[in-house]
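Trainee:
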Amino acid sequence: MTRKNLSFHLAERPEAEIVPGHTFKLVETDAPTVDELKDGQALVETIYLSLDPAMRGWLNDFRSYTSPVAVGERMRGGAIARVLASKSSKAKEGDMVVSRSGWTEVAIVNESQFDVINLPKGTKVTDALGVAGTVGITAYVGLKNIGQPKAGETVVVSGAAGATGLVAAQICKIKGARVIGIAGSDEKCEMLVKELGLDVALNYKSPSFRDDFVKATPDYINMYWDNVGGEILEMALDRAAFRARFVMCGSISGYNSAGSETRGVRNLFKVVVHSVRMEGFISWDFPEDLPEARKNLGEWLAEGKIKRKETIVKGGLKMAEIAIGDLFSGKNTGKLLVEVKPYEEASALKL
Numbered sequence: 148m149t150r151k152n153l154s155f156h157l158a159e160r161p162e163a164e165i166v167p168g169h170t171f172k173l174v175e176t177d178a179p180t181v182d183e184l185k186d187g188q189a190l191v192e193t194i195y196l197s198l199d200p201a202m203r204g205w206l207n208d209f210r211s212y213t214s215p216v217a218v219g220e221r222m223r224g225g226a227i228a229r230v231l232a233s234k235s236s237k238a239k240e241g242d243m244v245v246s247r248s249g250w251t252e253v254a255i256v257n258e259s260q261f262d263v264i265n266l267p268k269g270t271k272v273t274d275a276l277g278v279a280g281t282v283g284i285t286a287y288v289g290l291k292n293i294g295q296p297k298a299g300e301t302v303v304v305s306g307a308a309g310a311t312g313l314v315a316a317q318i319c320k321i322k323g324a325r326v327i328g329i330a331g332s333d334e335k336c337e338m339l340v341k342e343l344g345l346d347v348a349l350n351y352k353s354p355s356f357r358d359d360f361v362k363a364t365p366d367y368i369n370m371y372w373d374n375v376g377g378e379i380l381e382m383a384l385d386r387a388a389f390r391a392r393f394v395m396c397g398s399i400s401g402y403n404s405a406g407s408e409t410r411g412v413r414n415l416f417k418v419v420v421h422s423v424r425m426e427g428f429i430s431w432d433f434p435e436d437l438p439e440a441r442k443n444l445g446e447w448l449a450e451g452k453i454k455r456k457e458t459i460v461k462g463g464l465k466m467a468e469i470a471i472g473d474l475f476s477g478k479n480t481g482k483l484l485v486e487v488k489p490y491e492e493a494s495a496l497k498l
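Residue numbering for the sequence shown follows our numbering, starting at 148 and increasing by one per position.
1. In angstroms, rounded to a whole number, what distance separates the CA positions of P489 and I194?
2. Quick check on DSSP: helix, strand or coil for S400?
3. Given this structure, state the Cα-to-Cα distance separating A315 from R247, to the nearest angstrom.
4. Please classify M370: is it buried, with 16 or more other beta-carbons within 10 angstroms of its beta-carbon, or exposed?
5. Can you say whether Y402 is buried or exposed, counting buried as having 16 or more other CB atoms within 10 angstroms of its CB?
6. With respect to the alpha helix (DSSP H) encompassing L448, which residues constitute its N-terminal and C-terminal limits?
7. Let me confirm a value: E162 is counted as buried when at least 16 other C-beta atoms fall within 10 Å, else exposed. Which label applies?
8. Alpha carbon to alpha carbon, how far is S355 from P438? Give it in angstroms, no decimals.
9. Within its chain, find whatever has a CB closer than 8 Å to the CB of P179; leave out the 5 residues flanking it on each side and keep chain order.
10. From V420, R390 and M382, pick the residue whose C-alpha is nearest to that of V412; which is it?
11. Just the C-alpha distance for I399 and G306, rounded to the nearest angstrom, thanks.
12. Give the single residue among V282, T270 and F155 whose Cα lies nearest to the Cα of E431.
13. Considering only their Cβ atoms, is the gap separating L173 from A523 smaller than 8 Å?
14. In chain order, what residues of the same chain have a beta carbon less than 7 Å from the beta carbon of M243, not counting five sequence neighbours either side?
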């Protein structure tokens, strides 16, 4: 019996929030087979699918660091996958890989689109998409090249309970900084302090948040890691120390806003008066740092210097179009993944 394959394709560009059943179309086809493999390719089945805030930007038709997902195209995304068959020297049947195969259950990928997972003892396979994956690497290279946290400095991390933010915050603690994390619930704030070791955590939904923010930064902010943009960025600029470094990693507060609802930063002049360095980046900007980042992140994780936090949504690929909304409502803590197939049940099926 021929194996079937589910994939999500972009059906229409969202004007604001992603709408399950409308933004994406679930497509069922025959699964690709080993007979279709060409030299340098592998047949893989998805075990875990990565969901990331940046995906919302890929749905917009504007100039960016990558071309937008075309209407009708399979939704892009990273995954942890098992190799079912291979004609590539990079991987053999049964290997676990990080694959850029998109929102699908089974795919044929070129060897440029996957890497065999190689993590130190003390880690787990999902770390390849989390702390030791792109989100962790993003935190590492952004801090090394732009943030440059130093012992004794005051660092503020917005979105500190998200995938990248919690890694950035923990690296800053490793470097000896005083770290203030911002999150969206008292439970997340408690986790940041008690479990991850941050010095202070502030709930931005609290009525006293503005006052709490000022009280927490009496000596102003030496380094700010921005994941959210919006009013919190403005507050950070108001508290910027002379020659502060602002690492611009994301702006999730505005990702779902229609163009007419998006406004600029109202106090941008503070960049001038406080001689602030404000720089945006993506992890691809620093390819020379990737081996070092992978090595150190894996070791810190195995040694317990960095703790993972992940939210895994079960129910198969069909849950992806629903779960991606959790990124913008704050339901997830740490890395958000969809379990497409239970890891312990995944097997190299002959297709």
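All C-beta atoms in this analysis are idealised placements derived from N, C-alpha and C, irrespective of residue type, glycine included.
Predicted model, so just to flag it, every value in this text is computed and none were measured.
Mentor: Here's the rundown:
1. As a first step, residue 489 must be located in the sequence shown, where it is residue number 342. As a first step, residue 194 must be located in the sequence shown, where it is residue number 47. C-alpha separation (whole angstroms): 7 Å.
2. Locating residue 400 in the sequence shown gives position 253, counting from the first residue. S400 falls in the helix class under three-state DSSP.
3. To locate residue 315, count along the sequence shown from 1; it is residue 168. To locate residue 247, count along the sequence shown from 1; it is residue 100. Those two C-alpha atoms are separated by around 24 Å.
4. Numbered from 1 along the sequence shown, position 223 holds the residue referred to as residue 370. Result: buried.
5. In the sequence shown, the residue the question calls residue 402 occupies position 255. Buried: at least 16 other Cβ atoms inside 10 Å.
6. On the sequence shown, residue 448 is found 301 positions in, with the first residue counted as 1. First-last of the alpha helix (DSSP H) with L448: L437 to E450.
7. Numbered from its first residue, the sequence shown carries residue 162 at position 15. When all chains shown are included, E162 counts as exposed.
8. Counting from 1 along the sequence shown, the entry for residue 438 is found at position 291. Counting from 1 along the sequence shown, the entry for residue 355 is found at position 208. The straight-line gap from Cα to Cα measures roughly 43 Å.
9. Position 32 of the sequence shown, counted from the first residue, corresponds to residue 179. The answer, listed in chain order, is N152, L190, V253, A254, I255 and L498.
10. Against the sequence shown, residue 412 aligns to sequence position 265. Nearest of V420, R390 and M382 to V412, Cα basis: M382.
11. Translated into positions along the sequence shown, residue 399 becomes position 252. Translated into positions along the sequence shown, residue 306 becomes position 159. Rounded to the nearest angstrom, the two C-alpha atoms are 9 Å apart.
12. Residue 431 sits at position 284 when you count from the first residue of the sequence shown. Note that residue 431 corresponds to Trp in the displayed sequence, not to Glu. Residue V282 is the option with its Cα nearest to W431.
13. The first residue shown for the chain is 148 and the last is 498, placing residue 523 beyond what the model contains.
14. Along the sequence shown, one-based indexing puts residue 243 at 96. I227, R229, I264 and V272, listed in sequence order.
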